[in-house]
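Adding 73 to a residue's 1-based position in the sequence shown gives its number in the working numbering.
Each residue gets a CB set at the ideal place from its N, CA and C atoms; glycine is no exception.
Computed from a prediction, not measured in an experiment: that's the story for all the values here.
Report on one structure; see the data block that follows.
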Amino acid sequence: MLSPASTSTTTTTTTTTTRIYHPKHRSWCPKHECIICGSKAIGVNFGAPTCAPCKAFFRRNARRKEILQTPCPFRDPNLLNFNNNIDNNEKSNYCSQVRYCSSCRLRRCFDMGMKEELVRTDEENERYRQLVETNRQRRQQLLQQEQLENSLVIPRQIVKASDLLHETDWTHLSNVVFAYETHCLKNYIQRRKNLFHTRIQIPDDAWVKINYHSSTIVNNLTSLTSFLSSIPAVQNLSKFDRIFLCTHNIRPLILLNLHELEQLCYSEPWELTCDNLSAEYVCGSTLFPEYVKTKHRAEQILITDSVVTRLWLLVLFFSTPLHCYYQQTLPEIDANRQQTIRQIQDIYVTLLWKYLLHRHGELSAIRIFSNLNGIYLRMQRLSQAVNTEIRTRNDLSIINEAFNRAVIIDSDNK
């Protein structure tokens with residue numbers, strides 16, 4: 074226990090030395106003290122552990138060097154030497170009221186290692202504020218999107234048990250996806266690679282464009298028929314029924330299958346140029362702009378879900394005749410066999426709807442299904458017009474003959 078006299082002596086000694094005495098904020102844990110004024114530090118700021126007021130002080134005054142020249146109002150004038158005999162350690166001496174003397178406070182900030190270059194300029198502050206505002210708006214958008222998704226998830230909770238996918242449904246879906254990738258996608262990529270084994274340029278020659286377009290679309294058709302022939306429901310049909318469906322419904326699926334293939338396959342810009350030049354010649358100047366718009370519209374609104382598109386191809390294949398106008402000798406089947414085909418189509422429609430409900434919820438399922446119908450009707454109108462061009466133009470007869478051969482499954486040609 075110290076006596077009052079000894080305490081008084083200690084206090085007097087402390088206040089007259091160069092060390093700053095902080096009676097209110099003295100701590101036995103120096104790492105928690107502000108190195109400038111002795112208050113509780115909030116962290117390392119501008120290179121030194123400081124409290125919030127000293128941090129703010131340095132940020133405001135770091136570039137105001139004139140403050141360092143301001144005389145300290147708390148120093149004894151008798152201790153100053155105006156004869157240029159200033160002691161070398163004079164700059165290390167600070168007054169006892171460092172928080173109330175801007176000159177001593179700023180000098181101590183620099184001496185303790187606080188760095189001016191770490192203080193943001195006005196331009197940097199503006200960029201920082203813009204970044205904060207951008208992040209705030211982005212968080213609000215994400216929150217709104219999350220709330221919207223949560224609201225769309227609600228209908229999933231009221232789906233009937235009969236609408237849920239069972240194990241056999243998942244097996245069927247997996248088989249369809251695998252069959253398309255194995256028989257359609259791989260064959261299409263390999264044939265296209267053989268077609269583009271070297272970089273080519275289509276000259277301004279009609280026959281070159283016709284032959285090129287014929288080769289690319291026949292590749293599309295043969296890849297699609299290869300996929301269809303691997304589906305058990307198609308294999309179980311009679312040969313006559315398969316010929317009936319292929320003859321009526323393969324050509325109308327060219328654009329839809331082309332959309333799916335283009336989503337999965339990367340093409341070089343020069344390859345796309347060749348595709349567009351040949352398609353422009355075959356479609357003609359009137360239909361080609363609609364051809365481009367239809368492809369672009371499909372990319373915008375069709376969902377990038379391979380299961381949906383491939384099931385939709387099967388639904389349309391087992392449909393009633395999609396195109397039956399371009400050949401009078403097309404085969405016909407009786408009502409009983411048509412009923413069997415419609416029952417198969419119903420199976421795929423139900424499977425598609427169950428998958429949409431399970432994967433996307435009721436509201437999104439309705440939207441996706443509506444988009445599928447809408448974009449295909451647009452594709453069908455365009456396909457009908459293009460096929461009319463191919464049937465009626467003498468220079469495109471070679472394409473018409475190639476298409477008629479390609480729509481038939483290989484095993485049915487025997």
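Query: Boundaries (first-last residue) of the alpha helix (DSSP H) holding Val192; Result: Taken as a continuous stretch (DSSP letters only), Val192 belongs to no alpha helix (DSSP H), as it is neither H nor E.
Query: Lys113 - partner residues in DSSP beta bridges; Result: Glu106
Query: Minimum length 4: unbroken alpha helix (DSSP H) runs contained in the region 371-448; Result: 379-390
Query: Cβ separation of Ile472 and Ser358, assumed to be a contact under 8 Å, to the nearest whole Å; Result: About 18 Å; that fails the 8 Å criterion.
Query: For Arg432 and Leu465, the rounded distance between their alpha carbons; Result: This sequence places Thr at residue 465; Leu is not what is there. Straight-line Cα distance between these residues: approximately 45 Å.
Query: Enclosing alpha helix (DSSP H) for Ala306 [first to last residue]; Result: Pro305 to Gln308
Query: Helix, strand or coil at Thr123 [DSSP, three-state]; Result: strand
Query: Buried/exposed call for Ser456, threshold 16 Cβ in 10 Å; Result: buried
Query: Beta-carbon proximity list for Arg132, same chain, < 7 Å, skipping 5 on both sides; Result: Val192
Query: Exposure label - Thr255; buried when at least 16 CB within 10 Å; Result: exposed
Query: Extent of the continuous alpha helix (DSSP H) to which Thr298 belongs; Result: Ala279 to Ser302
Query: Span separating the alpha-carbon of Leu238 from that of Asp195; Result: 60 Å
Query: At least three beta-carbon pairs within less than 8 Å, the region 172-190 to the region 116-126; Result: yes
Query: Beta-carbon contacts of Glu363 that lie in its chain and below 7 Å, excluding the five residues immediately before and after; Result: Leu455
Query: Close-in-space but distant-in-sequence residues of the same chain around Ser303 (CB under 8 Å, 5 per side omitted); Result: Ala252, Thr255 and His256
Query: Per-residue burial, Val480 [other beta carbons within 10 Å of its own, 16 or more giving buried]; Result: buried
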